[in-house]
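Chains as they are written, first to last, in the working numbering: chain A, 787 to 1075; chain B, 318 to 654.
Note that the Cβ used here is the ideal one computed from N, Cα and C, for glycine as well.
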Amino acid sequence: MGCEMTRLAVPKTYKLYIGGKFPRSESGRTYEVLSKKGVFLANASLASRKDARDAVVAARAALGGWSGATGYNRGQVLYRIAELLEGRRDQFVEEVIATEGVSKAAATSQVDIAIDAWVWYAGWADKYVQVAGNGNPVSGPYFNLSTPEPTGVVAIVAPQQGNSLLGLVSVIAPAILTGNTVVVIASEAAPLAAVSLAEVLATSDVPGGVVNILTGSPAEIAPWLAGHADVNALDLAGAQSLDWVDLQVVAADTLKRVLAPESGAPAPSLERIVAFTETKTVWHTKSLL
Amino acid sequence: MTLESAQALAPAERAVGLIGSDLTEKSLRLHLEGLPGVDAVGLEQRAAGLGTRSIKTTSKARALDTIIRLIDLTTLEGADTPGKVRSLVAKAMNPDPSDPSTPRVAAVCVYGDMVPYAVEALGASHGDPAKGLISVAAVATAFPSGRASLHVKLADTADAVANGADEIDMVIDRGAFLAGNYGLVFDQIVAVKDACRREDGSYAHLKVILETGELNTYDNVRRASWLAILAGGDFIKTSTGKVAPAATLPVTLLMLEVVRDWHRLTGERIGVKPAGGIRSSKDAIKYLVTVAETAGEEWLDPHLFRFGASSLLNDVLLQRQKLTTGRYSGPDYVTID
């Protein structure tokens, strides 16, 4: 070949993930995502309070179907997501390296841990009820059963420092496996992995609206979600640098369940699964002979 | 076509004066089909343009209250019970118990046999919406299809009026209209208007439902609107809500233009009621803008404009709560209808 063609790279548009679709921010705003060294990586959508509102509407609409599915079914859907994550491993590794500035080994390790955590949580979907629920002994001819049920729409501030994929996985998976639907504010500085995770979710079997991912400023959006009367719970995992006590106070006005900030990505645990469930106890007569 | 019976005199005279010849099937057809055609692209563009206005903060607060004051809170289900009508009335009288400053809706709209329960539940609050009271509207004339003999339709109407309905929402015979029997449609509207007459000589307001979703073209909507007004309708209403598409912004804009033209021609103000499919405050605000820009702001009055809606009210209340508290509200904070 005589002349060498130079190929123009096709940069990716990083958008929000709301109701199974990828809209730009309603406000039309974007912000620049930079690498650790300050090199421009991408433009990401800067979500507004109205995007958060739309996301809550989508999450509420998806709640009935998702919480009504059997735990076994949800487990299969979650496992399918892990399969797709595995298939995109290299992409996630690259995005983690680009945004967090870590070594390839560290990035690979984070992605592997994230996928393993997802599989671990997927396995719990049809088992946590047996562990967290109970047949209570009562002195009468009754069955008395306590079972955990999903709390509803959970607003989450994902971990903001490092662990851009693992942090996200560690807060989303335990919330949705019990049948909750979530609105997540991704890591502001490193949102690339979050948007790619959204692409994985969109091509998996999880119904649109079960997971909604916003990119942008937690300081701007979190207060609106904390005060939103149609949000049932608030996970402040990544809210250390926010005025999170204030968020708790606002959330208390509408009786939300709240989890306090944690440092780093929360480790996989049954506590996280049960945190956003409500225990329902029913009495039922034993049949008479 | 005979319009010599005493009942039809007023509208007939009006129509004769306007058409300029005797009222016959032929003269009516010549008149209606002589109306200029509708520029569909222009109409839809105009409607889309009116939908882009930004209404925020205090304007929005005023718009939301205006919307509530213009709502015909409606339940038109086969499964309606007296209890459901009573709860509808309770909501009409006090839409948002957490905020007593919320205005009341204009009317409740029910099937004819539910009118006595609505009247009873309203009690002293029953009356003219201009005075802060609530009217009772009844659908009649074999709603929603309109497929019944004239005799049945008139009995249906007279029954609802006798039970205390202030407003009658009648459906036109779309089959006759589409077949070109304009005279038959005209006669039926005139006859129903007469059946709206109360014992004391006053008339219940007559809203004529065109069911624009079944009229197929904008030209037909314009003709039907004109026909309904000629025949003595006090209001022209887009739809029953049982046929899709129901109310759309272009159709409502077109009907408002007819009403505006009629006002210029005769000085008489006719009302417009879009019904069906308006569920969000955002949509309803677009209608308000369209009314104000087309017919004029004096049409934003319960006697001249109504929304036929059921779920719209809840959305308006949520928006209202958001404006009052500064936080987004949720469906747990309004009643389930």
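One Cα belongs to B:Ala561, the other to B:Gly530, and the distance between them is close to 6 Å. The beta-bridge partner set that DSSP reports for A:His1070 consists of A:Phe929.
Closest option to A:Pro993, judged by alpha-carbon separation, among A:Ser853, A:Asp1029, A:Val981, A:Leu802: A:Ser853. Of all residues in the segment 821-851 of chain A, those with a C-beta nearer than 9 Å to a C-beta of chain B are Arg835, Ala838, Arg839, Val842, Arg846, reading in chain order. Only those residues of the segment 624-648 of chain B whose C-beta falls short of 7 Å from the nearest C-beta of chain A are listed: Arg644, Tyr645, Ser646, Gly647, Pro648.
For B:Asp486, the uninterrupted beta strand (DSSP E) segment begins and ends at 484-488. DSSP, read as helix, strand or coil, puts A:Leu1000 in strand.
Within chain B, no C-beta atom comes nearer than 9 Å to that of A:Ala1037; the closest sits roughly 11 Å away. Under the three-state reduction of DSSP output, B:Ile451 falls in the strand class. Any Cβ of chain A closer than 9 Å to the Cβ of B:Tyr499 would place that residue at the interface, and such an atom is absent.
When DSSP states are grouped into helix, strand and coil, B:Phe503 belongs to the helix group. At a cut-off of 9 Å between C-beta atoms, A:Gly805 does not count as an interface residue with respect to chain B.
In this structure, the CA atom of A:Thr967 is about 12 Å from the CA atom of A:Asp1021.
Short of 7 Å from the beta carbon of B:Val608, and not among the five residues preceding or following it, lie these beta carbons of its own chain, in chain order: Leu573, Trp616, Leu617, Phe622. The alpha carbon of A:Val897 has as its nearest neighbour, out of A:Ala1051, A:Leu1033, A:Gly995, A:Gly909, the alpha carbon of A:Ala1051. A direct Cα-Cα distance of roughly 33 Å separates A:Val1044 from A:Gln877. By the rule that beta-carbons nearer than 9 Å mark a contact, A:Gly1013 touches chain B.
At a C-beta separation below 8 Å, A:Trp1010 has these neighbours in chain B: Arg644, Tyr645. A Cβ of chain B is located within less than 9 Å of the beta carbon of A:Val1017. Here the alpha carbon of B:Ser627 sits roughly 32 Å from the alpha carbon of A:Ala833. Per DSSP, A:Val1044 is one residue of the beta strand (DSSP E) stretching across 1043-1045.
Rounded to the nearest whole angstrom, the CA to CA distance from A:Ala847 to A:Pro1009 is 22 Å. A contact between stretches requires three or more CB pairs, one per stretch, nearer than 8 Å, and the segment 582-590 of chain B fails this requirement with the segment 353-370 of chain B. Judged by DSSP secondary structure, A:Asp840 falls outside any beta strand (DSSP E) and instead within the alpha helix (DSSP H) spanning 835-854. Under the DSSP assignment, A:Ser811 falls outside any alpha helix (DSSP H); it carries neither an H nor an E label. For A:Phe878, the enclosing alpha helix (DSSP H) has its first and last residue at 875-886. With respect to the C-alpha of A:Glu880, the residue from A:Ser950, A:Ala972, A:Gln916 having the closest C-alpha is A:Ser950.
Here A:Pro936 is bridged, per DSSP, to A:Thr1063. In the same chain as A:Arg874, and ignoring 5 residues on each side of it, the C-beta atoms closer than 7 Å to its own belong to Ser982, Val986, in chain order. Taking the Cα positions, B:Leu467 is about 38 Å away from B:Ile602. Between the C-alpha atoms of B:Ala564 and B:Thr557 there is a straight-line separation of about 9 Å. Secondary structure at A:Asn920: strand, using DSSP grouped into helix, strand and coil.
Look at B:Tyr520: its C-beta is not under 9 Å from any C-beta on chain A.
Burial state of A:Trp1069 is exposed, judged by a 10 Å Cβ sphere holding fewer than 16 other Cβ atoms. Here B:Leu547 is not near B:Ile489, since their CB atoms are 9 Å or more apart. By the neighbour-count definition (other C-beta atoms within 10 Å, threshold 16), A:Ile971 is a buried residue.
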